[in-house]
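In the working numbering, the protein residues as written are 32 to 118.
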């Protein structure tokens with residue numbers, strides 16, 4: 032099972048490859064284009080902006096606060112309750 036994505040991929044391995052390829056390219060651009068310099072370091076809003084920038088081409092929810100808990104393979108991401116309490 033894969034996350035709903037803008038790429039229309041349903042195979043976990045294919046989605047993982049595309050996610051890695053696109054997010055690495057965009058991570059490099061964060062540094063090269065000075066985008067990080069425009070964000071307030073160490074803030075939750077900066078983390079949301081970075082997440083949106085890295086994953087917006089792949090997921091509709093990029094940069095948004097989750098309302099459900101999610102996992103990838105055997106890895107569980109931080110519970111959404113933690114983020115909701117910080118906003």
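For each residue, glycine too, the CB sits at the ideal point set by N, CA and C.
- Touching by the beta-carbon criterion (3+ pairs, under 8 Å), the region 76-88 and the region 46-54: yes
- Query: How close, in whole Å, do the beta carbons of residue 34 and residue 90 come, if the pair is a contact with beta carbons under 8 Å?
  - Reply: 7 Å
- Which residues in the same chain have their Cβ closer than 8 Å to the Cβ of residue 40, if we skip the five residues on either side of it in sequence? 33, 46 and 49
- Nearest-angstrom Cα separation, counted from residue 36 out to residue 69: 28 Å
- Task: Have a look at residue 58 and residue 93 and give me their C-alpha separation to the nearest angstrom.
- Result: 14 Å
- Task: For residue 83, name the three-state secondary structure that DSSP assigns.
- Result: helix
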